[in-house]
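S.K.:
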Amino acid sequence: MNAVHLMLQTLIATPAVQVSELVHQVTPNWAQFILWLPLISLVLCGVCAALKVKSKAPAFITIICLASSFVLTLMLYLGYESAQVIPIFDWIQVKWSGGSFIANFALYVDSLTLLWMLFVTGLGTLIAIYSLEYMEHDIGKGYARFFAGVSVFLFAMSCLVMGDNLLMLYLGWEGVGFASYWLIGYFYQKPSAVAAAKKAFIVNRIGDLGLALAIYLIWSTFNTVQYSEIFAIHADKSYAVAYDTWTVHAIPYLLMLAAFGKSAQLPLYVWLPDAMEGPTPVSALIHAATMVTAGVYLIARTYPLFDLDAAALPTVAWVGGLTAIFAATIGMAQYDIKRIMAYSTVSQLGYMFLGLGVMTSYGAAYHVFTHAFFKAVLFLTCGAIMHGFAGQLDLRKLSG
Numbered sequence: 014m015n016a017v018h019l020m021l022q023t024l025i026a027t028p029a030v031q032v033s034e035l036v037h038q039v040t041p042n043w044a045q046f047i048l049w050l051p052l053i054s055l056v057l058c059g060v061c062a063a064l065k066v067k068s069k070a071p072a073f074i075t076i077i078c079l080a081s082s083f084v085l086t087l088m089l090y091l092g093y094e095s096a097q098v099i100p101i102f103d104w105i106q107v108k109w110s111g112g113s114f115i116a117n118f119a120l121y122v123d124s125l126t127l128l129w130m131l132f133v134t135g136l137g138t139l140i141a142i143y144s145l146e147y148m149e150h151d152i153g154k155g156y157a158r159f160f161a162g163v164s165v166f167l168f169a170m171s172c173l174v175m176g177d178n179l180l181m182l183y184l185g186w187e188g189v190g191f192a193s194y195w196l197i198g199y200f201y202q203k204p205s206a207v208a209a210a211k212k213a214f215i216v217n218r219i220g221d222l223g224l225a226l227a228i229y230l231i232w233s234t235f236n237t238v239q240y241s242e243i244f245a246i247h248a249d250k251s252y253a254v255a256y257d258t259w260t261v262h263a264i265p266y267l268l269m270l271a272a273f274g275k276s277a278q279l280p281l282y283v284w285l286p287d288a289m290e291g292p293t294p295v296s297a298l299i300h301a302a303t304m305v306t307a308g309v310y311l312i313a314r315t316y317p318l319f320d321l322d323a324a325a326l327p328t329v330a331w332v333g334g335l336t337a338i339f340a341a342t343i344g345m346a347q348y349d350i351k352r353i354m355a356y357s358t359v360s361q362l363g364y365m366f367l368g369l370g371v372m373t374s375y376g377a378a379y380h381v382f383t384h385a386f387f388k389a390v391l392f393l394t395c396g397a398i399m400h401g402f403a404g405q406l407d408l409r410k411l412s413g
């Protein structure tokens, strides 16, 4: 626990603007396999589906790949000294006479990245192990499709968290949205599951539009989408001379809109309770432990940009605080055990945003870390109860 506390304290003790001092160190190139292993799992699950494998092979493949990814993340954490960039390959490099747009496929590793990746890969592995037996009834039908969806999700979430620029974050952002649609609508012959998947996808479009516009304005203001360069320019205020208009003040609010959509805050929370139509491990993986915390990660990662407007962080705090009260109140009137957990998740996410808004990102990050575990366990417990009572979810019929 001391190591975890030290890592969390580093997040706050070292101001984000010090990222400008980032240097390309002797980089551990093996770290890129944290991303590639879930992708390998996806391909192999696809092969299993094509060959109509009627065994638990897709589950074992996914578990081995995700566990390997977690081990690599742990190695990266244990060897961590300071923030660094790990280049993988040149991705988008467009240059013209008046400027350029460069976004390479590279990893940005600091204490915030490591904190998120430890529970994304660690919990992802544990939930895949749980799913090995939980999804047993679907062997030969949708079993490979389920684990392929989990693999897509882990790859996208890794891109979102580990990318060294906003375009990689956007790639992962859209990827987790797609994986969410895939997994919420897993029981595609069930109308309510299809409707829930569509609802999640459409509501998240609003937030995604906010993120796309924010990235455009950040690039037009700072002439870069690399975190290290953005924070360096922001630190010396050189952007203000050339580009200090309403668009600069719009950046934090657009980032906020994106975060509120993905993390189910008022008024964009409506998709998350319906998302419980997916299998219980999906609820535990995406809608308790990892995907819904992507909005919290976005604000924590771009924290220095929230001082571009004086009212930005107070707005985050107010929305988070109101969501925490509102969702908890709704949860008190529910009888469906999984929907109660869903409203609890929305409420807990409100606490995280409240923490960010009152400038205790240490507290917000710590709550993300603890919530990932206790809420995943609560969802998986709901799954065990549901199976034990032949699919019954109504608390009034479960003997209290």
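Residue numbering for the sequence shown follows the working numbering, beginning at 14 and increasing consecutively. Every residue, glycine too, gets a C-beta built ideally from N, C-alpha and C. If you're wondering where the values come from, they're calculated on a predicted model, not measured in any experiment.
#1: Helix, strand or coil: which one does DSSP assign to proline 28?
#2: Looking only at C-alpha atoms, which of Ala119, Leu79, Phe319 and Met181 sits nearest to leucine 298?
#3: Kindly indicate which three-state DSSP category serine 251 falls into: helix, strand or coil?
#4: Would you report the Cα separation of valine 66 and threonine 75, rounded to the nearest angstrom?
#5: Roughly how many angstroms separate the alpha carbons of valine 261 and phenylalanine 319, rounded to a whole number?
#6: Where proline 485 and tyrosine 194 are concerned, what is the direct C-alpha to C-alpha distance, given to the nearest angstrom?
#7: Cα-Cα, which of Ala378, Ser144, Gln361 and Tyr348 is closest to leucine 409?
#8: Determine the extent of the beta strand (DSSP E) in which valine 98 is found, giving its start and end residues.
#9: Taking the beta carbon of glutamine 106 as the centre, do at least 16 other beta carbons fall within 10 Å, making it buried, or is it exposed?
#10: Answer with buried or exposed for glutamine 405, where buried requires no fewer than 16 other C-beta atoms within 10 angstroms of its C-beta.
#11: Can you confirm whether the stretch 145-153 touches the stretch 177-192 when touching is taken to mean that 3 or more C-beta pairs between the two stretches lie within less than 8 Å?
#12: Could you check which residue in Lys250, Trp109 and Cys172 has the C-alpha nearest to that of tryptophan 49?
#13: Using a 10 Å radius around the Cβ and a threshold of 16 neighbouring Cβ atoms, would you call leucine 136 buried or exposed?
#14: Along the chain, where does the beta strand (DSSP E) containing leucine 85 start, and where does it finish?
#15: When every heavy atom of the ligand ATP is checked, does at least one fall within less than 8 Å of the C-beta of threonine 306?
#16: With 16 other CB atoms within 10 Å as the buried threshold, where does proline 286 fall?
#17: Quick check on the burial criterion: 16 or more other C-beta atoms within 10 angstroms. Buried or exposed for lysine 10?
#18: Between the stretch 121-131 and the stretch 198-212, do at least 3 Cβ pairs fall closer than 8 Å?
#19: Go ahead and pull the three-state DSSP assignment for phenylalanine 114.
M.R.: So, from the listed chains and residues:
#1: Note that proline 28 scores a pLDDT of 41, beneath 50, so its modelled location is shaky; the value from the coordinates is reported in the next line. Reduced to three states, the DSSP call for proline 28 is coil.
#2: If we check each option's Cα against that of leucine 298, Leu79 comes out closest.
#3: In the structure shown, serine 251 sits in coil (DSSP, three-state: anything other than H, G, I, E or B).
#4: Straight through space, the alpha carbons of threonine 75 and valine 66 are spaced by roughly 14 Å.
#5: If you take the alpha carbons of valine 261 and phenylalanine 319, they lie about 10 Å apart.
#6: Absent from the model: residue 485. The displayed extent of the chain is 14 to 413, so no value can be given.
#7: Rather than leucine, the amino acid found at residue 409 in this sequence is arginine. Looking at the Cα atoms, Tyr348 is the closest of the given residues.
#8: Note, valine 98: beta strand (DSSP E), 97-109.
#9: Exposed is the call here.
#10: Answer is exposed; the Cβ neighbour count stays below 16.
#11: Two segments are said to touch when three or more pairs of C-beta atoms, one from each, lie closer than 8 Å; by this definition the stretch 177-192 does not touch the stretch 145-153.
#12: Tryptophan 49 has its Cα closest to that of Cys172, out of Lys250, Trp109 and Cys172.
#13: Answer is buried; the Cβ neighbour count reaches 16.
#14: That residue, leucine 85, is in no beta strand (DSSP E); its alpha helix (DSSP H) goes 70-91.
#15: Judged by which ligands are present, the structure shown has none, so any question about the ligand ATP falls away.
#16: That one is buried.
#17: Given a span of 14 to 413 for the chain in the structure shown, any question on residue 10 remains unanswerable.
#18: Counting Cβ pairs under 8 Å, fewer than three are found: no touch.
#19: Of the three classes helix, strand and coil, the one that applies to phenylalanine 114 here is strand, per DSSP.
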